[in-house]
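Beneath this line is the structure, given in structure tokens, with notes to follow.
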Amino acid sequence: MRGAVYVAQNEDLVVEDLDLVGPGPGEVLVHFAASGVCHSDLSVVNGTIPLPPPSVLGHEGAGTIEAAGEGVTKVKPGDTVIASFIPACGSCWHCVRGETQLCEINMQLSFTPHFKRADGSMIPGSIGGTGTFAEKAILSQHSVVKIETAVPLEQLALIGCGVTTGVGAVLNTAKVEPGATVAVVGCGGVGQSAIQGARIAGASTVVAVDTVQSKLDAAQKLGATHGVLAGEGQDPVAAVKEITKGRGVDYSFEVIGNVKTLEQAYQMTRRRGVTVAVGVPRMESQYSFQAFDLILNEKQVRGCIYGSSQVASEFQRLVTFVETGQLDLGAMVSRVIDLKEVNDAFRAMEAGEVIRSVISYQ
Ligand code: COD
Ligand code: ZN
């Protein structure tokens with residue numbers, strides 16, 4: 005079985021032959037059909053997300069349950085599932101309060117080794133133990149959600165991270181209401197999903213902001229009403245204010261992971277506006293704002309992980325949006341690739357060539 009191993013920081017992933025140990029009690033063996041390549045995988049490799057090598061990366065996958073360990077009740081062999089990079093154990097302090105995006109068993113799963121390398125050493129699937137850059141993986145039953153649909157698995161994979169994060173940021177974290185004005189700063193896979201979420205929410209104005217013109221063009225097909233090309237002397241804050249009669253937007257979303265663009269997102273919201281921070285900057289980064297402005301203008305800043313989503317029901321809701329034509333995932337799959345092309349997919353992502361590359365294992 006092939007898997008792409010993160011062997012060292014800032015080095016290419018290496019496709020290796022791996023074995024699996026399990027499934028143990030409460031675990032399932034998933035045969036992945038597809039995995040998206042998300043910026044966060046690259047963020048692990050470049051050290052922005054501090055997860056140590058070696059591990060199998062990938063956290064945006066869909067496939068079929070091949071085997072279930074003792075005591076598994078949530079799924080059975082043959083079920084179609086989407087992997088959830090944050091589990092929903094259902095019984096920790098946060099899960100019982102309807103905050104499964106903060107499930108407390110998450111960290112432990114990122115460090116539970118299930119893959120056996122040729123030298124006999126064991127390594128985990130990182131980012132919640134999902135390991136979707138392998139043809140098969142062992143996951144906790146709390147890290148998979150059963151889906152009933154005819155939507156292609158290459159599209160379902162995107163729901164595992166980017167779509168749930170982006171659409172969820174709009175519908176769950178911000179709860180954007182019909183008629184609202186929205187700006188999305190950063191239009192990669194997650195940002196394009198936020199733009200679609202804003203359209204689903206009935207926003208009247210959706211401003212896409214990116215440094216790459218082709219991302220703005222894609223955004224306009226997916227629901228953006230305006231595009232702002234940032235960089236090279238262009239001030240996105242001034243451009244967004246001009247579109248909103250000088251006031252700023254009701255809601256802005258930072259979907260890059262950069263303190264400078266988070267500050268821009270904050271500046272482009274109106275008085276009492278809400279800034280949602282989706283992208284994760286390097287761990288040592290600090291974000292500051294003028295307290296006077298925060299208070300006198302009743303500004304609001306909100307963090308967002310996994311679109312504040314309750315995955316057990318949210319994944320199927322997103323699938324329904326796809327089935328009813330409200331969410332276009334086909335337009336977000338820029339390239340379908342083989343696992344051995346994963347390093348080139350990172351390069352293409354950094355070069356701004358793709359919204360999403362999707363690895364197909366079929
Ligand atoms: N101004 C405007 N746009 C910019 C700028 C800038 N200064 N710099 C880059 N961009 C654009 C790029 O052109 C690109 O279109 C986009 O920003 C970024 O897109 P991608 O495709 O590289 O990244 P995504 O969409 O896959 O991921 C973005 C995240 C912010 C979600 C991700 O990188 C991140 O921070 N993840 C951690 C948060 C998280 O929830 N992680 C868990 C798994 S994702
Ligand atoms: Zn991701």
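Position in the sequence shown (first residue = 1) + 4 = the numbering used here. C-beta: ideal position from N, C-alpha, C; glycine also.
How about residue i and residue j: do their beta carbons lie closer than 9 angstroms?
i, j, result
"residue 105", "residue 309", "yes"
"residue 205", "residue 257", "no"
"residue 148", "residue 34", "yes"
"residue 134", "residue 192", "no"
"residue 29", "residue 73", "yes"
"residue 225", "residue 273", "no"
"residue 60", "residue 119", "yes"
"residue 154", "residue 39", "no"
"residue 177", "residue 321", "no"
"residue 289", "residue 253", "no"
"residue 185", "residue 248", "yes"
"residue 43", "residue 287", "no"
"residue 174", "residue 255", "yes"
"residue 117", "residue 127", "yes"
"residue 139", "residue 36", "yes"
"residue 283", "residue 164", "no"
"residue 227", "residue 210", "yes"
"residue 167", "residue 46", "no"
"residue 86", "residue 107", "no"
"residue 222", "residue 355", "no"
"residue 3", "residue 169", "Summary: the structure shown does not reach residue 3, with the chain confined to residues 5 through 366, and so no result is reported for it."
"residue 32", "residue 109", "no"
Report the three-state DSSP secondary structure of residue i (helix, strand or coil).
i, result
"residue 86", "strand"
"residue 313", "coil"
"residue 360", "strand"
"residue 44", "helix"
"residue 217", "helix"
"residue 304", "strand"
"residue 11", "coil"
"residue 64", "coil"
"residue 318", "helix"
"residue 185", "strand"
"residue 52", "coil"
"residue 343", "helix"
"residue 92", "coil"
"residue 32", "strand"
"residue 328", "coil"
"residue 100", "helix"
"residue 337", "strand"
"residue 323", "helix"
"residue 39", "strand"
"residue 208", "coil"
Where does residue i land, buried or exposed, given buried means 16+ other C-beta within 10 angstroms?
i, result
"residue 125", "exposed"
"residue 317", "exposed"
"residue 300", "exposed"
"residue 360", "buried"
"residue 298", "exposed"
"residue 250", "exposed"
"residue 115", "exposed"
"residue 81", "exposed"
"residue 145", "buried"
"residue 54", "exposed"
"residue 56", "exposed"
"residue 238", "exposed"
"residue 344", "exposed"
"residue 101", "exposed"
"residue 158", "buried"
"residue 9", "buried"
"residue 203", "buried"
"residue 84", "buried"
"residue 365", "buried"
"residue 325", "buried"
"residue 291", "exposed"
"residue 77", "exposed"
What are the start and end residues of the alpha helix (DSSP H) that includes residue i?
i, result
"residue 199", "193-205"
"residue 346", "346-354"
"residue 366", "First-last for residue 366: undefined, no H or E at that position."
"residue 114", "110-114"
Just curious, the beta strand (DSSP E) that residue i is in, first and last residue?
i, result
"residue 105", "Run containing residue 105: none; DSSP gives neither H nor E here."
"residue 118", "117-120"
"residue 21", "18-21"
"residue 1", "Here the chain covers residues 5 to 366 and nothing more, so residue 1 does not appear."
Inset, instruction - Output the residue ranges of the beta strand (DSSP E) runs that lie fully inside the stretch 126-183 and measure 3 residues or longer, sorted by chain position. - result: 126-128, 140-144, 148-150
Legend entry - Minimum length 3: unbroken beta strand (DSSP E) runs contained in the stretch 220-299: 230-233, 253-258, 273-281
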